[in-house]
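Sequence lines, in order, name chains A and B. Residue numbers for the first sequence follow the working numbering, so the first one is 2 and each next one is one higher. Residue numbers for the second sequence follow the working numbering, so the first one is 675 and each next one is one higher. For every residue, glycine included, the Cβ atom is placed at its ideal position computed from N, Cα and C. Let me begin by presenting the structure, written as C-alpha cells, before commenting on it.
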Amino acid sequence: MLRWFRRSAAPTTNDEWLDALRGPDRDQALAALRPILVRGLRAAFRDRVPHQIDAFAEDVAQEALLKILDHLDAFRGEARFTTWAHKIAARLALTKLRRKRWENVSLEDLTTRDDDGAPRPHPSLTDQAPRPDDQATLAHYVEVVQQVMQQTLTETQRTALEAVMQHDMPITEVARRLGVSRNTLYKRLHDARKNLKAALRERGIAPEEILAEVEAR
Amino acid sequence: MPLDPSTLSRLARALATTQPDEIACDECFARMDAFADLLLSGKPAEELLPKIHAHLQRCPDCKEEFESLLAMLRATG
Numbered sequence: 002m003l004r005w006f007r008r009s010a011a012p013t014t015n016d017e018w019l020d021a022l023r024g025p026d027r028d029q030a031l032a033a034l035r036p037i038l039v040r041g042l043r044a045a046f047r048d049r050v051p052h053q054i055d056a057f058a059e060d061v062a063q064e065a066l067l068k069i070l071d072h073l074d075a076f077r078g079e080a081r082f083t084t085w086a087h088k089i090a091a092r093l094a095l096t097k098l099r100r101k102r103w104e105n106v107s108l109e110d111l112t113t114r115d116d117d118g119a120p121r122p123h124p125s126l127t128d129q130a131p132r133p134d135d136q137a138t139l140a141h142y143v144e145v146v147q148q149v150m151q152q153t154l155t156e157t158q159r160t161a162l163e164a165v166m167q168h169d170m171p172i173t174e175v176a177r178r179l180g181v182s183r184n185t186l187y188k189r190l191h192d193a194r195k196n197l198k199a200a201l202r203e204r205g206i207a208p209e210e211i212l213a214e215v216e217a218r
Numbered sequence: 675m676p677l678d679p680s681t682l683s684r685l686a687r688a689l690a691t692t693q694p695d696e697i698a699c700d701e702c703f704a705r706m707d708a709f710a711d712l713l714l715s716g717k718p719a720e721e722l723l724p725k726i727h728a729h730l731q732r733c734p735d736c737k738e739e740f741e742s743l744l745a746m747l748r749a750t751g
C-alpha cells in the first residue's frame, strides 16, 4: 500500500493520521498537522492575543504536537483526528492564557481584597434599596445560606467556591493553587453543591426560590 | 464568603441545576471532540451526549475550551 504522503498532501482518515504519526512518515505528518493547528489557533485566539498571535499560535502548536505524539493511544476514534488534535491545542492555549491572566493573584488576595487591592467591604443587600418585604426575605436567605455554608463546607471548599463564583477565577487556576487536579476540584465543588442543596432543603428552602427572589428584584 | 445579590444568584442557579451524577472535567474533555463533531455535522449532540452537554453548561473552564475548539474547527473546516 502506498503511504499517505506519496498520494496526498496530508492524511485524511483517522487511520492514516495514526499510521503516519506512529510510523516512518511521522515527520511529514507533523509537518502537515502543524499548519492546521496554527490556523485554528490564530482564528480562535486572535482577539485575546492581538499583538503576538503568530508567535502564540506557533508556540502552542509546537507544544500541542509533542503532546499529541505522547498521547496517541488516548485517541478514542469517536471524532475526526484533527478535531481531537485541535482539542489538545485549545486546552494548552487556554491554560497559558489563564496562567498569565491570574499569575499575580493568590487565593488569599482574592478572598480578602478587591481586584484593585483594597480591602473589600462586605457588600450589602441594602445597597440596592429593595422594598422592605424583599429585603427581609433576601436577608433571610442570605443568613441561611451563609450559615449552611459555614456548617456544611470545609474552608477550602468555601474558598474555592468564592474564587470561582464571585471572582471568576478559572477552576484550573484554583486547582493549581490548591495543589490538586482540575478534575479533583470539580468533584469537590460538586460535593459542596450537593451538600449545600441538601442542607437548604432540610431547612425547607429550594434554590429555585432563592433564584426567583433575587431575579425578581 | 460575602453574598452580594449577584453571587447569591449564581450560587442559587448552580445549586438548582446540580445533579447527583454529574461527570467531571476529565470525562468531558475525553468526549468534547466527539460532541463538537456531532454538533458541527448537524446531529443532535445534546441528545446523544447529554452528560457532556450538561457539564459544558456548568463548568466555565470546559465551556471556554469547547467554544475555542468550535472556533478552531470553523476556521479550518
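- Between A/Leu98 and B/Ala686, the C-beta gap is not smaller than 8 Å, which leaves the two residues out of contact.
- Under the three-state reduction of DSSP, A/Trp103 is assigned to coil, being neither helix nor strand.
- Per the coordinates, the alpha-carbon of A/Leu95 lies some 27 Å from the alpha-carbon of A/Arg23.
- Scanning its chain for C-beta atoms nearer than 6 Å, with the 5 sequence neighbours on each side dropped, one finds around B/Cys702 the residues Ile726, His729, Cys736, in chain order.
- Counting the other Cβ atoms within 10 Å of the Cβ of B/Asp695 gives fewer than 16, which makes it exposed.
- Close to chain A, meaning a Cβ-Cβ distance shorter than 8 Å, are the following residues of the region 709-722 of chain B: Ala710, Asp711.
- Our two residues, B/Pro718 and B/Phe709, have alpha carbons roughly 9 Å apart in a direct line.
- Comparing C-alpha distances from A/Glu156 to each of A/Ala207, A/Val145, A/Thr112, A/Tyr187 shows the shortest one belongs to A/Thr112.
- Ranking A/Thr173, A/Tyr142, A/Phe76 by CA distance to the CA of A/Trp103 puts A/Thr173 first.
- Cβ-Cβ separation between A/Ala44 and B/Ala749: approximately 3 Å, consistent with a contact (criterion under 8 Å).
- When the alpha-carbon of A/Asn196 is set against those of A/Met150, A/Arg49, A/Arg218, the nearest one is in A/Met150.
- Shortest Cα-Cα distance from A/Leu70 to any of A/Gln158, A/Asp55, A/Asp26 involves A/Asp26.
- Burial is judged here by how many other beta carbons sit within 10 angstroms of a residue's own beta carbon; A/Thr14 has fewer than 16 and is exposed.
- Put simply, the backbone Cα of B/Ile697 is about 31 Å away from that of A/Ala58.
- Per DSSP, the continuous alpha helix (DSSP H) segment holding A/Gln63 begins and ends at 54-71.
- Counting C-beta pairs closer than 8 Å gives three or more between the region 36-54 of chain A and the region 84-95 of chain A, which meets the contact rule.
- Non-local beta-carbon contacts of B/Leu712 in its own chain, meaning distances under 8 Å to residues more than five positions away in sequence, involve Pro718, Ala719, Leu722, Leu723 in chain order.
- Within the same chain, Cβ atoms closer than 6 Å to the Cβ of A/Tyr142 are found at Ile211, the five residues on either side in sequence being excluded.
- If you draw a 10 Å sphere on the C-beta of A/Leu42, you find 16 or more other C-beta atoms in it, and that means buried.
- A/Lys101 is classed as exposed because its beta carbon has fewer than 16 other beta carbons within 10 Å across all chains shown.
- Between B/Met675 and A/Glu163, the C-beta gap is smaller than 8 Å, which places the two residues in contact.
- Counting only the Cα atoms, A/Pro12 lies some 46 Å from A/Gln167.
- DSSP places A/Val215 in the uninterrupted alpha helix (DSSP H) bounded by 208-216.
- The Cβ atoms of A/Leu66 and A/Leu19 do not sit closer than 8 Å to each other.
- Separation of the CB atoms of B/Leu743 and A/His72 is rounded to 16 Å, and the pair is thereby denied contact status at 8 Å.
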